[in-house]
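K.L.:
This is the structure, below, for whatever I ask next.
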Amino acid sequence: MIKDILQRVSADRIRHDLFYLCRDPLPFRKVNYTRPGQSMNSLAEADAFIRGQIEAAGYAVTTTTYRVQPFRCDRTKPLHHWYSTPAPSDPSFDATNLEATRRGCERPEEIIQLIAHKDSMSWIDSPGAHDNAVGTVANLELARVLATCDLRRSVRLLFCNEEHTPWTSRFAAEAAAARGDHIVAVLNVDSLDGKSEEDMAAGKMTHVVGYSTDEGRALAEFVAAGAARHKIGLDVRVIFKQHVNDDDGMFINAGFRTTVMNLGSWPYADSEYHLPGDVPERVNIANVVRSTQLLLAAILDIDANDTDNLWKRMS
Ligand SMILES: [Zn+2]
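Numbering (the numbering used here), first residue to last: -2 to 312.
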């Protein structure tokens, strides 16, 4: 029963992982910050934590490492957009993609792809709680719960880096395209629960599903309809994202058009977006739990159906 499986999403684990990754012990997750007394940078430390959690859930983790640069900081730019392109001579660092797959028993070649960028802003000191420790911990929790389910299709998780340059989701998407992977749906999870001060104060439980393609629209409507289908108390909206960007955009550009982004508001309304004030104390854990349940329901419903008919019915 999907209803029972949704109850396995744990607020305690989500809160624990969130505070671990963006308060204590890790204040940030970036290549250019190393905690005093540590030999690895804070992004590598975050990777070690994430990897340990996924392995504890029974997965094998694949790592692929790329060279990235931190963005420079330009405070003359608009408030939420202080990042600027580094010079070629600026230092570069290793940054790793972590991938893990829950193999399906009936149609293992058909893949439901989950994405979350795990790094925090490289150009400032920000915990990056909403952007995107929440997506990271939501996907960690999905990995744990999915490990307890029988799935027909495979679910693959990608933990990548999008606050450094280049974005490492691009390489994962291009590698999937080069292999000819059959990805039936891509769910990017980035900045769940992030919303306006007003909506935060009012305790609103929000979830936005954004699409940039026709195929993505059908998927977005299917994901959103899960709130009513499974009585998940969320104010869900479907929106059109005109610009093909973020980690979902990297998969669309690589040819995987049945792709959506999951976030807390649109246009993104968090007043602390890309600022040092994006702290875990502002995260509404109950909203993250419900958004995680909505994603879990979508995965289980997609898995239970014939996707061709599913998308046709929605469009
Ligand atoms: Zn960001």
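All residues carry an ideal CB built from backbone N, CA and C; glycine is no exception.
Model, not experiment: these values are computed from the prediction.
Does the Cβ-Cβ distance between glycine 207 and leucine 272 come in under 8 Å?
P.N.:
It is not a contact, given that the beta carbons lie outside the stated cut-off.
K.L.:
Helix or strand or just coil, what does DSSP make of alanine 158?
P.N.:
The amino acid occupying residue 158 in the given sequence is asparagine; alanine does not appear at that position. It is coil, neither helix nor strand.
K.L.:
For ligand 1, list every residue whose C-beta falls under 6 Å from any of its heavy atoms, going in chain order.
P.N.:
Here the list is Asp128, Glu160, His271.
K.L.:
With a Cβ-Cβ cutoff of 8 Å, do isoleucine 224 and leucine 216 count as a contact?
P.N.:
Residue 224 is actually alanine in this sequence, not isoleucine. Cβ atoms of alanine 224 and leucine 216: not closer than 8 Å.
K.L.:
Output needed for glutamate 138: all residues of its chain with C-beta closer than 7 Å, excluding positions within five of it in sequence on either side, in chain order.
P.N.:
Here the set comprises Val6, Ser7, Arg10, Ile11, Thr289.
K.L.:
Relative to the alpha-carbon of threonine 255, which residue among Thr60, Lys228, Ile299 has its alpha-carbon at the smallest distance?
P.N.:
Residue Ile299 is the option with its Cα nearest to threonine 255.
K.L.:
State the Cα-Cα distance for the pair alanine 295 and aspartate 87, rounded to the nearest angstrom.
P.N.:
Those two C-alpha atoms are separated by around 42 Å.
K.L.:
For proline 163, which of Phe68, Asn281, Leu95 has the nearest alpha-carbon?
P.N.:
Closest by alpha carbon: Phe68.
K.L.:
Does DSSP put valine 181 in a helix, a strand or coil?
P.N.:
Here valine 181 sits in strand by DSSP.
K.L.:
Just list the beta strand (DSSP E) runs in the segment 181 to 243, keeping only unbroken ones of 3 residues or longer that don't cross its boundaries, in chain order.
P.N.:
Whole beta strand (DSSP E) segments, 3+ residues: 203 to 208, 232 to 237.
K.L.:
Go through the segment 36 to 117 residue by residue and report every complete run of the beta strand (DSSP E) that reaches 3 residues or more, in order.
P.N.:
The segment 36 to 117 contains these whole beta strand (DSSP E) runs: 58 to 67, 90 to 99, 104 to 114.
K.L.:
What three-state label does DSSP hand threonine 255 in the structure shown?
P.N.:
Threonine 255 falls in the coil class under three-state DSSP.
K.L.:
Take the Cβ of aspartate 190 as the centre, count every other Cβ of all protein chains shown within 10 Å, and call the residue buried at 16 or more, exposed below.
P.N.:
With 16 or more Cβ atoms within 10 Å of its Cβ, aspartate 190 is classed as buried.
K.L.:
Buried or exposed, going by whether 16 or more other CB atoms sit within 10 Å of the CB of threonine 145?
P.N.:
Threonine 145 should be labelled exposed.
K.L.:
So the candidates are Ala135, Val285, Arg279; which of them puts its Cα closest to the Cα of isoleucine 112?
P.N.:
Nearest C-alpha to isoleucine 112: Ala135.
K.L.:
How many Å lie between tryptophan 120 and asparagine 29 at the Cα?
P.N.:
Roughly 9 Å between the two C-alpha positions.
K.L.:
Within the same chain, show all residues whose beta-carbon is closer than 8 Å to that of aspartate 267, passing over the 5 residues directly before and after it, in chain order.
P.N.:
The residues are His127, Asp128, Ser188, Gly191, Lys192, Ser193, Gly261, Asp275.
K.L.:
Where isoleucine 109 and glycine 101 are concerned, what is the direct C-alpha to C-alpha distance, given to the nearest angstrom?
P.N.:
Cα to Cα, isoleucine 109 sits roughly 10 Å from glycine 101.
K.L.:
For serine 151, write down the residues that DSSP places opposite it in a beta bridge.
P.N.:
Serine 151 pairs with Ile108.
K.L.:
For the alpha helix (DSSP H) that contains aspartate 298, what are its first and last residues?
P.N.:
That run of the alpha helix (DSSP H) goes 282 to 301.
K.L.:
Kindly indicate the opening and closing residues of the alpha helix (DSSP H) around glycine 125.
P.N.:
It is not in any alpha helix (DSSP H) - glycine 125 carries neither H nor E in the DSSP assignment.
K.L.:
Could you have a look at leucine 23 and say whether DSSP puts it in helix, strand or coil?
P.N.:
The answer is coil: DSSP assigns leucine 23 none of H, G, I, E or B.
K.L.:
Does the separation of the CB atoms of histidine 185 and methionine 118 fall below 8 Å?
P.N.:
Sequence inspection shows asparagine at residue 185; the histidine mentioned does not correspond to that position. No.
K.L.:
Leaving aside the five residues before and after isoleucine 229 along the sequence, list all residues of the same chain whose C-beta is less than 8 Å from its C-beta, in chain order.
P.N.:
Only Leu3, Gly223, Arg287, Gln290, Leu291, Ala294 meet the Cβ criterion.
K.L.:
Is it buried or exposed for glycine 246, if we count other Cβ within 10 angstroms and need 16 for buried?
P.N.:
Looking at its Cβ environment, which holds 16 or more other Cβ atoms inside 10 Å, glycine 246 is buried.
K.L.:
Could you tell me whether the segment 52 to 60 touches the segment 146 to 153, using the rule of 3 or more Cβ pairs below 8 Å?
P.N.:
At 8 Å Cβ cutoff, the stretches do not touch.
K.L.:
Terminal residues of the continuous alpha helix (DSSP H) containing valine 276?
P.N.:
Here valine 276 belongs to no alpha helix (DSSP H), and DSSP marks it neither H nor E.
K.L.:
Can you grab the Cα-Cα spacing for the pair isoleucine 249 / alanine 172, in whole Å?
P.N.:
Going from the Cα of isoleucine 249 to the Cα of alanine 172 covers about 13 Å.
K.L.:
For glycine 252, count neighbouring C-beta atoms within 10 Å of its own C-beta (all shown protein chains included) and say buried if the count is 16 or more, exposed if not.
P.N.:
Exposed.
K.L.:
Closest to serine 123 by CA distance: which of Asp211, Glu269, Gln239, Thr304 is it?
P.N.:
Nearest C-alpha to serine 123: Glu269.
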